[in-house]
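To keep things clear, I will list the structure first and then write my remarks on it.
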Amino acid sequence: MNWNKLTSDTQLDTIKEESVTQPVLIFKHSTTCSISAMALSRMERNWTDAAGIKPYYLDLLANRSLSRAVADAFEIEHQSPQVLLIHNGACVYHNSHMAISFQALTQAV
Numbered sequence: 001m002n003w004n005k006l007t008s009d010t011q012l013d014t015i016k017e018e019s020v021t022q023p024v025l026i027f028k029h030s031t032t033c034s035i036s037a038m039a040l041s042r043m044e045r046n047w048t049d050a051a052g053i054k055p056y057y058l059d060l061l062a063n064r065s066l067s068r069a070v071a072d073a074f075e076i077e078h079q080s081p082q083v084l085l086i087h088n089g090a091c092v093y094h095n096s097h098m099a100i101s102f103q104a105l106t107q108a109v
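Numbering-wise, the working numbering puts 99 at position 99 of the sequence shown, and it's gapless, one number per residue.
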């Protein structure tokens with residue numbers, strides 16, 4: 001799995017544009033949380049590029065304000081860990097904690 005790092009709020013416009021041609025995943029990860037580490041590991045173990053989803057990784061501790069910008073931009077409540085599936089510029093699926101599942105993401109596409 002090749003993560004694209006999400007480190008700037010200017011990337012949110014790029015993500016919205018990219019999501020018109022392919023679904024985009026944002027994974028919001030807290031590097032000090034064991035539940036977040038487990039959810040990330042499950043995602044990476046089950047990931048397949050065949051789904052055609054472009055993945056972005058947001059380190060919440062290094063980019064706290066960016067996490068709030070993501071929640072505002074896609075009109076969802078902030079959670080950690082959390083996944084958002086962006087398609088046609090909007091969040092079409094989101095989930096958090098142990099409900100994070102690659103299979104659920106692919107079904108939402």
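For glycine and all other residues, C-beta sits at the position ideal for the given N, C-alpha and C. No experiment lies behind these values; they were computed from the predicted model shown.
No Cβ-Cβ contact shorter than 9 angstroms links GLN11 with LYS54.
Given a length threshold of 4 residues, each whole run of the alpha helix (DSSP H) inside the segment 38-100 is given here in chain order: 64-73. In summary, HIS78 is exposed, with fewer than 16 beta-carbon neighbours lying within 10 Å of its beta-carbon over all protein chains present. By the 16-neighbour rule on beta-carbons within 10 angstroms, GLN107 is exposed. Per DSSP, LEU25 is one residue of the beta strand (DSSP E) stretching across 24-29. Using a Cβ-Cβ distance cut-off of 8 angstroms, the segment 67-77 and the segment 40-48 are not in contact, since fewer than three pairs of beta carbons, one from each stretch, lie closer than that value. Judged by their CB atoms, LEU61 and LEU6 are not nearer to each other than the 9 angstroms cut-off.
Rounded to whole angstroms, the gap between the alpha carbons of ASN88 and SER34 is 32 angstroms.
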